[in-house]
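*Asks:* To start, I am sharing the structure in question, which I have written as structure tokens.
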RNA sequence: GGUCUCGUGGCCGAGUGGCUAGGCAGCGGUCUGCAAAACCGCGUACAGCGGUUCGAAUCCGCUCGAGACCUCCA
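Residue numbers (the numbering used here): 1 to 493.
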């Protein structure tokens with residue numbers, strides 16, 4: 001076990017809105033649940049933020065020596081839509097439009113989601129349960145809540161009785177909402193007439209005849225209410241009480257509030273110790289949303305095929321950009337900001353590669369790499385402050401480059417620390433990876449070596465016409481030559 | 001309308017009472033045949049107004065602006 005497990009990790013708990021020392025229930029094991037995607041469409045930029053945020057947490061906890069069981073659901077039972085196709089479930093709607101089976105849609109977009117997360121180097125969760133595969137568990141949970149008198153059935157639907165709950169528990173404990181305000185502020189919606197109070201929410205919903213996705217239940221054919229799956233599956237795989245539950249801030253209310261309420265009744269205790277919420281993403285200062293027409297898909301970014309994008313942005317650029325902001329801040333996407341991130345990341349990644357080639361000098365003075373390392377841990381321990389960790393890594397980048405260019409010398413111990421620093425933080429924790437992986441291409445390497453040698457010879461005989469021709473031609477092929485003190489290296493783009 | 005969050009230099013983005021991150025862009029320099037890369041140096045920013053304080057970007061109040069949730073959404 002690494003010694004880092006003893007370091008004090010503080011995270012902001014949405015329950016109380018304060019930074020708290022993270023203390024697992026059953027160390028070294030940690031249970032962590034994150035709300036996953038609804039697989040009825042391509043992942044957009046908004047999906048990248050929680051995926052990367054909690055991937056960072058997953059990686060960091062593992063790095064600290066914990067055994068983490070990370071559960072992220074696939075929502076595939078669909079939920080009510082609030083538009084003209086009222087009552088029809090999202091997946092069923094899409095299936096009918098495209099004349100395919102709902103499960104086909106689910107499979108297709110689940111695969112797409114996995115592909116895109118892989119590209120972002122997001123590690124797969126330990127368990128990725130499908131809501132549709134846990135209908136029984138959800139029904140059982142509804143039964144428990146009914147038995148305990150905190151829900152009521154109306155025409156095949158079961159609603160959670162929020163006012164009953166409020167008599168003994170605090171509904172709004174997570175979101176800071178007051179029940180009476182909720183009662184007076186909630187808008188009239190279809191089907192609401194069945195509810196005793198507008199704040200009540202469905203935990204089982206009766207399926208209309210046209211509704212494709214449906215399951216038998218004690219209350220007739222229907223489907224689970226949209227908060228049920230996370231409660232049922234979280235409990236099944238992580239227990240009645242577990243360490244961390246994450247998701248976007250938009251899920252705070254009503255989704256997570258409802259989860260707390262229903263789990264508290266069904267299981268007798270509040271389900272989660274630390275609630276963590278990542279902030280939203282804006283595009284050019286505007287909220288990203290389907291209704292605004294600016295919900296860029298991840299593929300749009302990777303390919304650059306969208307009128308709002310000046311160029312393609314690689315998955316690692318997106319990842320780096322997201323990590324350069326703290327997860328609890330809103331993050332604004334723009335071409336200018338993305339291009340800045342791309343350049344910065346290239347400089348960082350070049351150093352991670354260059355650091356391996358450096359030569360140590362025994363007599364070199366102490367460069368205090370240890371201090372940078374400590375600062376990186378301190379940043380991560382302070383509510384996963386990846387932007388600060390990255391800033392510190394850029395200090396290390398400067399050291400790599402000064403040593404590389406011969407302005408500074410480095411002793412063996414510092415060099416070892418420096419190499420470990422990049423390995424641990426850049427790759428293991430931040431989860432960045434080299435792009436343009438051309439290390440394996442021996443043919444290309446050999447060719448480039450030859451070309452660089454020819455150019456070098458031309459330069460030595462002051463045949464600059466030839467050397468510049470070589471450089472220009474390579475530039476046109478998106479290959480950049482870098483003349484350094486130790487010779488010439490090259491890179492794509 | 002209700003609840004909440006935020007407003008930092010050209011852009012992005014850390015920082016929550018004094019020690020003034022970082023990236024990108026820009027300017028000057030070193031290096032180079034030239035250029036690129038790299039390195040060195042340069043910007044004294046914190047929406048506005050008022051208050052608390054020896055001292056505030058950081059605390060309080062007001063104004064203006066932006067956003068989130070309250071309704072499917074990461």
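Ideal Cβ placement from N, Cα and C applies to all residues, glycine included.
Do residue 120 and residue 315 have their C-beta atoms closer together than 7 Å?
*Replies:* Contact flag set, yes.
*Asks:* Answer with buried or exposed for residue 469, where buried requires no fewer than 16 other C-beta atoms within 10 angstroms of its C-beta.
*Replies:* Classification of residue 469: exposed, given that the 10 Å Cβ count is below 16.
*Asks:* If you follow the beta strand (DSSP E) that residue 151 is in, where does it begin and where does it stop?
*Replies:* Its beta strand (DSSP E) spans residues 151-154.
*Asks:* Less than 7 Å separating the beta-carbons of residue 361 and residue 419?
*Replies:* No.
*Asks:* If you reduce the DSSP assignment to three classes, tell me which class residue 202 lands in.
*Replies:* Note: residue 202 maps to strand in three-state DSSP.
*Asks:* Report the rounded CA-to-CA distance for residue 303 versus residue 310, giving the unit in angstroms.
*Replies:* Taking the straight line from one Cα to the other gives about 11 Å.
*Asks:* So the candidates are 208, 226, 373, 247; which of them puts its Cα closest to the Cα of residue 220?
*Replies:* It is 208.
*Asks:* Label residue 398 either buried or exposed according to how many other C-beta atoms from any shown protein chain fall within 10 Å of its C-beta, with 16 as the threshold for buried.
*Replies:* With fewer than 16 Cβ atoms within 10 Å of its Cβ, residue 398 is classed as exposed.
*Asks:* With a 10 Å radius around its C-beta and 16 neighbouring C-beta atoms as the bar for buried, classify residue 111 as buried or exposed.
*Replies:* Exposed, since its Cβ has fewer than 16 Cβ neighbours within 10 Å.
*Asks:* Going by C-alpha distance, which of 114, 94, 281, 113 is nearest residue 105?
*Replies:* For the residues 114, 94, 281, 113, the minimum Cα distance to residue 105 belongs to 94.
*Asks:* In chain order, what residues of the same chain lie with their CB nearer than 8 Å to the CB of residue 213, ignoring the 5 residues before and after it?
*Replies:* Closer than 8 Å at Cβ, skipping near neighbours: 77, 78, 89, 91, 92, 102, 132, 207, 223.
*Asks:* Please list the terminal residues of the continuous alpha helix (DSSP H) segment that includes residue 20.
*Replies:* Residue 20 -> not in any alpha helix (DSSP H); beta strand (DSSP E) instead, spanning 18-21.
*Asks:* Count Cβ pairs between the segment 56-73 and the segment 142-156 that sit closer than 8 Å; are there 3 or more?
*Replies:* The segment 56-73 is not in contact with the segment 142-156.
*Asks:* Which one of 125, 319, 383 has the shortest CA to CA distance from residue 22?
*Replies:* Among 125, 319, 383, the Cα nearest to that of residue 22 is on 383.
*Asks:* Smallest Cα separation from residue 113: which of 42, 344, 249?
*Replies:* It is 42.
*Asks:* Output the residue ranges of the beta strand (DSSP E) runs that lie fully inside the segment 419-489 and measure 3 residues or longer, sorted by chain position.
*Replies:* If we require 3 residues or more, the beta strand (DSSP E) runs fully inside the segment 419-489 come out as 479-484.
*Asks:* Span of the beta strand (DSSP E) holding residue 248?
*Replies:* From DSSP, the beta strand (DSSP E) with residue 248 extends over 242-248.
*Asks:* Please return the same chain residues whose Cβ sits closer than 7 Å to the Cβ of residue 186, not counting the five positions on each side in sequence.
*Replies:* Below a pLDDT of 50, predicted positions are generally treated as unreliable, and residue 186, at 48, falls in that range; no measurement from the model is reported.
*Asks:* Excluding sequence positions up to five away, which residues of its chain have a Cβ less than 8 Å from the Cβ of residue 239?
*Replies:* Around residue 239: 31.
*Asks:* Helix, strand or coil for residue 55? Go by DSSP, reduced to three states.
*Replies:* Residue 55 falls in the helix class under three-state DSSP.
*Asks:* From 275, 237, 281, pick the residue whose C-alpha is nearest to that of residue 255; which is it?
*Replies:* Answer by Cα proximity: 275.
*Asks:* Is residue 161 helix, strand or coil by DSSP?
*Replies:* Residue state, collapsed to three classes: coil.
*Asks:* Count the other C-beta atoms from every protein chain shown that fall within 10 angstroms of the C-beta of residue 71, then say buried if there are 16 or more, exposed otherwise.
*Replies:* Classification of residue 71: buried, given that the 10 Å Cβ count is 16 or more.
*Asks:* Write down every uninterrupted run of the alpha helix (DSSP H) in the segment 321-359 whose length is 4 residues or greater and which is fully enclosed by it, in chain order.
*Replies:* If we require 4 residues or more, the alpha helix (DSSP H) runs fully inside the segment 321-359 come out as 335-354.
*Asks:* Using a Cβ-Cβ cutoff of less than 6 Å, which residues in the same chain neighbour residue 263 once the five nearest sequence positions on both sides are dropped?
*Replies:* These residues qualify, in order along the chain: 231, 271.
*Asks:* What's the C-alpha gap between residue 341 and residue 363?
*Replies:* Approximately 37 Å between the Cα atoms of the pair.
*Asks:* Please state if the CB of residue 333 and the CB of residue 390 are separated by a distance shorter than 7 Å.
*Replies:* It is not a contact, given that the beta carbons lie outside the stated cut-off.
*Asks:* Work out the CA separation of residue 49 and residue 312 for me, nearest whole Å.
*Replies:* Whole-angstrom Cα-Cα distance: 18 Å.
*Asks:* Would you say residue 278 and residue 53 are within 7 Å of each other, going by their C-beta atoms?
*Replies:* Cβ distance < 7 Å, so residue 278 and residue 53 count as in contact.
*Asks:* Since residue 74 is in the alpha helix (DSSP H), which residue starts that stretch and which ends it?
*Replies:* From DSSP, residue 74 is part of no alpha helix (DSSP H); its letter is neither H nor E.
*Asks:* Name the DSSP bridge partner or partners of residue 297?
*Replies:* Partner(s): 44.
*Asks:* Taking only three categories from DSSP, how would you classify residue 144?
*Replies:* Helix, per DSSP.
*Asks:* I need the DSSP call for residue 306, collapsed to helix, strand or coil.
*Replies:* Three-state result, residue 306: coil.
*Asks:* Near residue 488, what residues of its chain come up, given a Cβ to Cβ distance below 8 Å and the 5 sequence neighbours on each side ignored?
*Replies:* For residue 488, where only same-chain residues beyond five positions count, the Cβ hits under 8 Å are 452, 455, 456, 481, 482.
*Asks:* On the three-state DSSP scale, how would you describe residue 32?
*Replies:* In the structure shown, residue 32 sits in a strand (DSSP, three-state: E or B).
*Asks:* My assumption, with CB atoms under 8 Å, is that residue 393 sits in contact with residue 348. Please give the rounded CB distance.
*Replies:* That pair is a contact at about 6 Å.
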